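Written out below as structure tokens is the structure these notes cover.
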Amino acid sequence: MQNHRKREIRIKAESFREKCKVSRYGIINLFRECDRFGCKLLRYPLGREADLGFALKREADTIIFTNTCSRLSREIFTLAHEIGHAILHLESTVSCIDDAFTISGRSTDKIEQEANYFAACLLMPGDEVDKFLDLEVEKFRKNRLSAMDIARMMSEFHVSFDMALNRLENLGKIGCDERVRLDNERNQSRVGNLLRCVGGNGRLNEITREIEIPYEYIDYVIYNYNHNAIPRETLEKALDCCHLTMEDISDKLVCRRQKDDDLDELIGGLED
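Here numbering that gives the first Met the number 0 is used: position 259 in the sequence shown is 258, and no number is missing along the way.
Okay, here's the thing in structure tokens:
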């Protein structure tokens, strides 16, 4: 990727970040920030082998999906990656679908590399990484980073252990040998244990399986049911995705007569 393109992406990532609510270093809740950007966000547990996320344009809507069967830290990176697609690429393409290959950075596809770079700049801006190392890691220049330092960085920036290592290496803060050492420390101690030791956010290492569907979509399904466009079974399946029942939305339903009742009324009218 050419330097001038990287600069363009950094500017766009910073512009988005300026609109977000940020803690000391990281974006507090990137999922909520989708509303500020005007995206319709869907979160659903499709399964561990399914795609991790996608971004697409449908008429006036920008729709982003994330699979909640991945660890929360990975889902956050997926979301940042899809926001990157929405900002950088959806003017020229209809949709972008991502799996473990594209999200991991192994893809040579230009737009996937750009979306990954956008996500890295959005979640861990270079100046904020410098600030963290200066203020939070005592004697960083003299001492080596520890796996516990990386766990603290995970919690502050809301990223995975691998994401933190990737960003530190790409910014020139650690070399290849240092990365291997930290990776070995992580494998020996386990990320969950490291997060507990530093009082970090343990949810980052957990699978949430959360379901989040925009209310407009449920309203749309109810509208179609009320206008006889879909059967009751389809409405019930859609509601089940949100852990809702027909009783939960009874106040929004139009009373629908059975066809036999309508026929009896029509026959009665003819006899009169």
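Cβ atoms here follow ideal geometry from the backbone N, Cα and C, with glycine treated the same way.
Here the structure is a predicted model, which is why all the values come from computation and not from measurement.
Complete runs of the alpha helix (DSSP H) confined to the segment 104-172 [at least 4 residues]: 109-122, 125-135, 146-156, 160-169
Ranges of the alpha helix (DSSP H) found wholly within the segment 15-88, counting only runs of at least 4: 29-36, 71-87
Residues bridged to E211 (per DSSP): R42
Beta bridge counterpart(s) of S188 as assigned by DSSP: S188 is not bridged to any residue.
Sub-8 Å separation of E204 and S72 beta-carbons: The question names Glu, but residue 204 is Asn in the sequence shown. Yes, these two residues count as a Cβ contact at 8 Å.
Start-to-end residues for the alpha helix (DSSP H) that takes in I229: I229 -> no alpha helix (DSSP H), and no H or E assigned at all.
Own chain partners of E81 with C-beta closer than 8 Å, once the 5 adjacent residues on each side are dropped: G52, F53, A54, I63, F64, T65, C95, D97, A114
Cβ neighbours of R151 in the same chain (closer than 7 Å, five flanking residues each side left out): So the list reads E135, V197, G199, once near-sequence residues are dropped.
Start and end residues, beta strand (DSSP E) containing I206: Per DSSP, I206 belongs to no beta strand (DSSP E) and is neither H nor E.
Beta-carbon contacts of C19 that lie in its chain and below 6 Å, excluding the five residues immediately before and after: I26, E32
Contact belief for F76 with A12 at Cβ below 8 Å, rounded distance in angstroms: That belief does not hold up - the Cβ atoms of F76 and A12 are roughly 13 Å apart, past 8 Å.
contact_flag[the segment 240-247, the segment 208-225] where n(CB pairs < 8 Å) is 3 or more: yes
DSSP state of S249 mapped onto helix, strand, coil: helix
Three-state secondary structure (DSSP) of E90: coil
Extent of the continuous alpha helix (DSSP H) to which T101 belongs: 99-102
As assigned by DSSP and simplified to three states, the class of C95: strand
Same chain only: Cβ atoms within 7 Å of Q1, ignoring 5 sequence neighbours per side: none
Distance CB(L170)-CB(R16) smaller than 8 Å: Their beta carbons are not under 8 Å apart, which means L170 does not touch R16 by this criterion.
Classification of N142 by the beta-carbon crowding that lies within 10 angstroms, buried from 16 upward: exposed
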